[in-house]
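Please read the structure below before turning to the comments.
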Amino acid sequence: KPDQYESEATLVAQGRSLLASAVRKRLIADVPVGAFLSGGLDSSLIVALIRAARAPSETTHTFSVGFEGDPSSELPYARAVADALGTCHAEVVVRAADYASLLTRATAFRDAPISEPADI
Numbered sequence: 001k002p003d004q005y006e007s008e009a010t011l012v013a014q015g016r017s018l019l020a021s022a023v024r025k026r027l028i029a030d031v032p033v034g035a036f037l038s039g040g041l042d043s044s045l046i047v048a049l050i051r052a053a054r055a056p057s058e059t060t061h062t063f064s065v066g067f068e069g070d071p072s073s074e075l076p077y078a079r080a081v082a083d084a085l086g087t088c089h090a091e092v093v094v095r096a097a098d099y100a101s102l103l104t105r106a107t108a109f110r111d112a113p114i115s116e117p118a119d120i
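Here the sequence shown is numbered in the numbering used here, starting from 1 and rising by one per residue.
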């Protein structure tokens with residue numbers, strides 16, 4: 001029966017509340033917290049929720065990584081979201097010549113095996 005289910009507006013409000021609560025929990029830390037920002041829907045939503053959870057005077061740091069010469073780079077989208085949300089945004093552009101040495105360093109920082117493409 002259709003009347004057994006919540007309205008769309010109720011479900012949207014519940015989803016928004018759950019996401020905001022999850023983000024607020026992750027902001028509780030004894031070190032600065034930042035966010036990876038690809039410019040896509042998921043990371044943009046998370047960063048918007050971080051900004052909403054913090055005082056306007058509190059800085060939110062975002063980070064993006066792109067690859068030199070990549071025609072499908074998402075850096076412009078990430079930059080646009082960072083500008084719109086007023087984050088302190090940093091970008092790293094990886095050059096092909098630096099890839100091998102950076103992979104070694106990234107693996108050391110990860111402190112775990114490379115397990116998915118986003119790790120690279």
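The beta-carbon is built from N, C-alpha and C at its ideal position, and this holds for glycine as well. None of the values given here were measured: they were computed from a predicted structure.
Quiz item: By how many angstroms is the C-alpha of G66 removed from the C-alpha of A97?
Solution: Approximately 14 Å between the Cα atoms of the pair.
Quiz item: Between L85 and chain C, is there a C-beta pair that is closer than 8 Å?
Solution: Given the protein chain composition of this structure (a single chain), no chain C is represented.
Quiz prompt | Runs of beta strand (DSSP E) lying entirely within the region 27 to 53, each at least 3 residues, in chain order | solution = Counting whole runs of 3 or more residues, the region 27 to 53 contains the beta strand (DSSP E) stretches 34 to 36.
Quiz item: Going by Cα to Cα distance, which pick from L37, Y5, R26 and I28 is closest to D83?
Solution: Of L37, Y5, R26 and I28, the residue nearest in Cα terms is L37.
Quiz prompt | Residue interval of the beta strand (DSSP E) (run including S64) | solution = Here the beta strand (DSSP E) through S64 covers H61 to F67.
Exercise. Indicate whether A35 and S43 have their beta-carbon atoms separated by less than 8 Å.
Key: With contacts defined by Cβ atoms closer than 8 Å, A35 and S43 form a contacting pair.
Exercise. Return the first residue and the last residue of the beta strand (DSSP E) that A121 is part of.
Key: The chain is shown only over 1 to 120; residue 121 falls outside these bounds and no answer can be derived.
Quiz item: Where L11 and T104 are concerned, what is the direct C-alpha to C-alpha distance, given to the nearest angstrom?
Solution: Approximately 45 Å between the Cα atoms of the pair.
Quiz item: How is the alpha helix (DSSP H) around Y99 delimited, first residue to last?
Solution: Looking at the DSSP string, the run of the alpha helix (DSSP H) that includes Y99 is Y99 to R110.
Self-check item: For L75 and E91, believed in contact at Cβ under 8 Å, the rounded distance
Solution: Confirmed, Cβ separation roughly 6 Å.
Exercise. Please say whether I50 and T60 have beta carbons closer to each other than 8 Å?
Key: In this structure, I50 lies closer than 8 Å to T60 by Cβ.
Quiz item: Helix, strand or coil: how does DSSP classify S21 here?
Solution: If DSSP states are grouped into helix, strand and coil, S21 belongs with the helices.
Quiz prompt | Where A13 sits in the DSSP three-state scheme | solution = DSSP, read as helix, strand or coil, puts A13 in helix.
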